[in-house]
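Start counting the sequence shown at 1; every next residue gets the next number (UniProt numbering). Each residue gets a CB set at the ideal place from its N, CA and C atoms; glycine is no exception.
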Amino acid sequence: MTGLARDQVDDLVRQLAGHGLWSVQRRRALDPYRSVLVVLLYLRHNLSQHLLAELFGCSQPTISRLVTSLIPALTRVLTPLTNQITERELRSTVRVDGFLVPIGDRRKNTYASGMYSGKRHRCGFNVQVVASWRGRVVLTGDPMPGAMHDARAWRESGLAQRFEGRLHGDGGPGGFADTGYIGTGLLVPERRTGPEPLGVHAREFNKMIASQRACVERAIAHLKNWRVLAYGYRRLISNFPATLAAVTQLEVYRTSTSVS
1 MTGLARDQVD
11 DLVRQLAGHG
21 LWSVQRRRAL
31 DPYRSVLVVL
41 LYLRHNLSQH
51 LLAELFGCSQ
61 PTISRLVTSL
71 IPALTRVLTP
81 LTNQITEREL
91 RSTVRVDGFL
101 VPIGDRRKNT
111 YASGMYSGKR
121 HRCGFNVQVV
131 ASWRGRVVLT
141 GDPMPGAMHD
151 ARAWRESGLA
161 QRFEGRLHGD
171 GGPGGFADTG
181 YIGTGLLVPE
191 RRTGPEPLGV
201 HAREFNKMIA
211 SQRACVERAI
221 AHLKNWRVLA
231 YGYRRLISNF
241 PATLAAVTQL
251 EVYRTSTSVS
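If you want it as structure tokens, here you go:
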């Protein structure tokens, strides 16, 4: 229901308690376990706060406060684990791609300006994803406007800086990407530069790149199982980076741990 195993949810509750989140003793509408459950259901299924309030027998403001406080708290407690996993996975060749997180139509001349993606014909954030060869999410970059090209989003999202010294040209493991990342230093397919078709070796090379990139498509599909990234983000646009960070950490946690 939450995307996590029961023992993983229990572990998250213990970690949050260990960071003093529920150290103040007072009457609460929801106990710690149900509080974490509310936020996980919100992120996993993109349920409205009013519906969650009805399901858990509390008020909508209570749900809003839990979402606002627990999303950054989850990111904080999971950061050490995800940083460790990220550094390990970046020692191998990774796969890179981007996807659009829809935000619906927003007013003009606001933060949403430049969010319309002509490629996907909708407004949203361009989110860059790095995945392992296993098809697991390794990390995501800072969200960029949907109108931004993938190569520029890669550079400005902070991921290009993480890969300094790691690219093939630097003697590092590097990464595979599509032709939207030409000029970034990632390994991309060859493109035709004239009327002549690509040669046999170029086609075989492109076929190899395509087969390697299947992993990142699978990772993005798993990331979008957190429906808040797939069905339309409804909260304040300025809160989206925190939501993306929490979902990324939870997905890495989900696929990398088994609490006994």
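Burial is judged here by how many other beta carbons sit within 10 angstroms of a residue's own beta carbon; Ser48 has fewer than 16 and is exposed. The continuous beta strand (DSSP E) containing Arg95 extends over residues Val94 to Pro102.
When Pro32, Phe163 and Leu229 are compared, the shortest CA-CA separation from Leu90 is found for Phe163. Distance from the CA atom of Leu223 to the CA atom of Ala214, rounded to whole angstroms, is 15 angstroms.
If you check the CB distance, Thr86 and Ala245 do not come in under 7 angstroms. Secondary structure at Ala219: helix, using DSSP grouped into helix, strand and coil. When DSSP assignments are scanned along the region 165 to 235, the uninterrupted stretches of alpha helix (DSSP H) that are 4 or more residues long and fall wholly within it turn out to be 200 to 223.
Under the three-state reduction of DSSP, Ala131 is assigned to strand. Burial is judged here by how many other beta carbons sit within 10 angstroms of a residue's own beta carbon; Tyr181 has at least 16 and is buried. Residue burial annotation: Asp105 is exposed, with fewer than 16 other C-beta atoms found within 10 angstroms of its C-beta. Beta-bridge partners assigned by DSSP to Cys123: Tyr116.
A residue is called buried when at least 16 other Cβ atoms come within 10 angstroms of its Cβ; Tyr33 does not meet this threshold and is exposed. Take Ala5, set aside five residues on each side of it, and no residue of its chain has a beta-carbon closer than 6 angstroms to its own. A buried status is given to Gln128, since no fewer than 16 other beta-carbon atoms sit within 10 Å of its beta-carbon.
The three-state secondary structure of Thr140, taken from DSSP, is strand. If the five residues before and after Val39 are omitted, its C-beta is found closer than 8 angstroms to the C-beta atoms of Leu66, Val67, Leu70, Ile71 and Leu74, all from its own chain and listed in chain order. Put simply, of Val137, Val101 and Asp178 the residue whose alpha carbon is nearest the alpha carbon of Cys123 is Val101. Straight through space, the alpha carbons of Asp11 and Trp226 are spaced by roughly 20 angstroms.
Annotated as proximal: Ala147 and Gly114, with beta-carbon spacing under 7 angstroms. Per DSSP, the continuous alpha helix (DSSP H) segment holding His45 begins and ends at Pro32 to His45. Scanning its chain for C-beta atoms nearer than 7 angstroms, with the 5 sequence neighbours on each side dropped, one finds around Ser35 the residues Leu66 and Leu70, in chain order. Between the region 127 to 143 and the region 153 to 162, the count of C-beta pairs closer than 8 angstroms reaches three or more; the two stretches touch.
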